[in-house]
Structure formats: C-alpha cells, structure tokens
Amino acid sequence: MITKIYFFKKKILYSFFSNNNRVNGSYLSYQPVVLRGKGQILFGENVAFGVINSPKYYDSYAYIEARTDSSVIEFGNEVKINNAFSVISEKKVLIGDKTIIGHNCSIMDSNFHNLHPDKRRETDEFPQEVIIGNNVFIGNNVTILKGVSIGENSVIGSNSVVTKSFPENVIVAGNPATIIRSLD
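In this note's numbering, the protein residues as written are 93 to 276.
Have a look at this one:
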C-alpha cells in the first residue's frame with residue numbers, strides 16, 4: 093500500500109515537468125512519464141511505460157521530448173518500454189508496433205550540438221530520422237543514434253550503441269553494433 097501511494101505521488105510530481113501540449117493518444121504508465129517540447133508526440137493503442145520489479149523502477153522516469161515545432165515522436169501499437177527510457181527528437185523518431193524496449197535505453201535523432209570544435213555550442217544542423225520497425229526487441233542499456241533504421245523482427249543486444257541501419261530479421265550487438273547473425 094505504501095508503494096502504491098509513493099508511486100502515485102511520484103507520477104503526479106513528474107507530470108508538472110511536462111510541457112508538451114501536442115500529445116495524441118494515451119499510454120499506461122507504471123512509472124512517471126515526462127512529455128516535453130514543442131513537437132508532436134503520438135501514442136498508438138496499448139503503449140506502456142515501466143516495469144514493476146525491474147531495475148530502475150524505484151528511481152527513474154521516462155523522458156520524451158519532441159524538441160522543435162516540426163519534431164515528431166510516434167509510438168506504434170502495443171509498444172512496451174521498461175524503466176529509465178529516453179527519446180529526444182529534433183526531426184522524427186518512429187517506434188513500430190509490438191516493439192519491446194529494455195531498461196535504460198536512449199533514442200535520439202540528433203547530435204544536438206555541432207561536432208566541429210569551433211561550433212560546438214551551436215545546434216546540430218542535420219538531424220536524421222530514426223525508424224524502428226515492427227516487433228523489434230531492444231535489450232537493456234542500448235543507445236540508438238541519428239539516422240538509424242532497424243528492420244522489423246530484429247533484436248538489439250544489451251549495451252549496444254547503434255550507429256548505422258540494419259535490415260529485418262537480424263541480431264545485432266556491440267559498440268558499435270554489428271550483425272551477429274540472421275534470424276531466418
């Protein structure tokens with residue numbers, strides 16, 4: 093009973109940090125979810141955040157930011173996301189239907205800062221869409237960077253850093269992620 097009261101209060105507290113008013117659809121949350129930015133955030137049916145009795149459940153939240161007016165973050169149907177998730181978009185991030193995402197994962201479609209040493213304090217001029225296909229399984233502690241497309245039914249191994257695109261039906265892992273084997 094004490095745990096339920098604690099998390100109810102925590103969800104209310106974190107809702108005050110949300111400032112995005114361009115949200116379509118709804119989601120189920122077992123942990124706080126912060127929705128920020130000026131862009132669109134779209135939820136399909138049966139999207140869920142947080143897993144009880146899983147790492148980071150007691151001390152984290154999901155952070156979703158569609159940073160600019162033209163940013164879009166779209167969650168397909170039946171997407172299940174573990175604890176301590178973050179996605180930040182300056183252009184577009186699409187997460188396909190029935191995708192499962194482990195705890196402590198980050199997805200971003202921009203470097204957010206210019207990589208040139210003399211322009212480091214300036215924003216990234218070239219965000220690139222991130223597209224995650226249907227039925228993708230993303231392990232714990234994965235980072236997916238700008239310009240990546242992951243084909244449907246693929247698996248991303250824990251602790252991977254995904255810097256390039258991969259076809260459907262493959263297992264990838266590593267830093268940087270590479271194809272381990274095909275699922276066909």
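Cβ atoms here follow ideal geometry from the backbone N, Cα and C, with glycine treated the same way.
Note that the structure is a prediction, hence the values are computed from the model and not measured.
- prompt: Is lysine 172 helix, strand or coil when you go by DSSP?
  reply: Taking the first residue of the sequence shown as position 1, residue 172 is located at position 80. Residue state, collapsed to three classes: strand.
The beta strand (DSSP E) enclosing threonine 215, as first and last residue numbers: As a working note, residue 215 is residue 123 in the sequence shown. Where threonine 215 is concerned, there is no enclosing beta strand (DSSP E), given that its DSSP letter is neither H nor E.
message: Mapping the DSSP letters down to three states, classify phenylalanine 100 as helix, strand or coil.
response: For the purposes of this step, residue 100 is taken as residue 8 along the sequence shown, with counting starting at 1. Helix, per DSSP.
Uninterrupted beta strand (DSSP E) stretches inside the segment 191 to 269 (no shorter than 3 residues): Listed in chain order, the complete beta strand (DSSP E) runs (minimum 3 residues) inside the segment 191 to 269 are 198 to 200, 222 to 224, 262 to 266.
task: Express the C-alpha separation of valine 254 and asparagine 261 in angstroms, rounding to a whole number.
output: By 1-based counting over the sequence shown, the position of residue 261 is 169. By 1-based counting over the sequence shown, the position of residue 254 is 162. One C-alpha to the other measures close to 16 Å.
task: With DSSP collapsed to three states, give me the class of serine 107.
output: For the purposes of this step, residue 107 is taken as residue 15 along the sequence shown, with counting starting at 1. The answer is helix: DSSP assigns serine 107 an H, G or I state.
query: Bridge partners of glycine 129, per DSSP?
result: Position 37 of the sequence shown, counted from the start, is the residue given in the question as residue 129. The partner list for glycine 129 (beta bridge, DSSP) reads Ala158.
message: Between the alpha carbons of threonine 95 and lysine 148, how many angstroms are there, rounded?
response: Within the sequence shown, residue 95 is the residue found at index 3, counting from 1. Within the sequence shown, residue 148 is the residue found at index 56, counting from 1. Their Cα atoms are separated by approximately 15 Å.
message: On the DSSP letters alone, give me the boundaries of the beta strand (DSSP E) that leucine 275 sits inside.
response: The residue given as residue 275 occupies position 183 in the sequence shown. Leucine 275 -> no beta strand (DSSP E), and no H or E assigned at all.
- request: Could you name the residues of the same chain whose beta carbon sits closer than 6 Å to that of valine 171, not counting the 5 residues immediately before and after it, in chain order?
  value: Position 79 of the sequence shown, counted from the first residue, corresponds to residue 171. Answer for valine 171: Val139, Ile187, Thr191, listed in chain order.
- prompt: When we look at the beta-carbon of serine 274 and count the other beta-carbons within 10 Å, is it buried (16 or more) or exposed?
  reply: For the purposes of this step, residue 274 is taken as residue 182 along the sequence shown, with counting starting at 1. When all chains shown are included, serine 274 counts as exposed.
message: The beta strand (DSSP E) that contains isoleucine 144, what's its start and end?
response: To locate residue 144, count along the sequence shown from 1; it is residue 52. Per DSSP, isoleucine 144 belongs to no beta strand (DSSP E) and is neither H nor E.
task: Identify, in the order they occur along the chain, each residue of the same chain with its Cβ nearer than 7 Å to the Cβ of glycine 129, setting aside the five sequence neighbours on each side.
output: Mapped onto the sequence shown, residue 129 falls at position 37. Cβ within range, chain order: Asn112, Glu157, Ala158, Arg159, Ser163.
field: Contact belief for glutamine 132 with alanine 154 at Cβ below 8 Å, rounded distance in angstroms
entry: As a position in the sequence shown, residue 132 is number 40, starting the count at 1. As a position in the sequence shown, residue 154 is number 62, starting the count at 1. The pair is not a contact, with the Cβ atoms about 17 Å apart (cut-off 8 Å).
task: Give the straight-line distance between the Cα atoms of isoleucine 272 and asparagine 196, rounded to the nearest whole angstrom.
output: Locating residue 272 in the sequence shown gives position 180, counting from the first residue. Locating residue 196 in the sequence shown gives position 104, counting from the first residue. If you take the alpha carbons of isoleucine 272 and asparagine 196, they lie about 22 Å apart.
- prompt: Can you pull the DSSP bridge partners for phenylalanine 135?
  reply: Your numbering for residue 135 matches position 43 in the sequence shown. Per DSSP, Phe167.
- prompt: In terms of DSSP beta bridges, what is isoleucine 271 paired with?
  reply: For the purposes of this step, residue 271 is identified with residue 179 of the sequence shown, where counting begins at 1. DSSP output for isoleucine 271 lists Val264 as bridge partner(s).
field: lysine 101 versus Pro268, Val125, Asn203, Asn116, residue with shortest Cα-Cα distance
entry: Locating residue 101 in the sequence shown gives position 9, where the first residue counts as 1. Each of Pro268, Val125, Asn203, Asn116 was checked against the Cα of lysine 101, and the nearest Cα belongs to Val125.
message: Using only CA atoms, which one of Asn116, Gly194, Glu221, Glu214 lies nearest to isoleucine 144?
response: Counting from one through the sequence shown, the residue named residue 144 turns up at place 52. Out of Asn116, Gly194, Glu221, Glu214, the CA that lies nearest to the CA of isoleucine 144 is found in Gly194.
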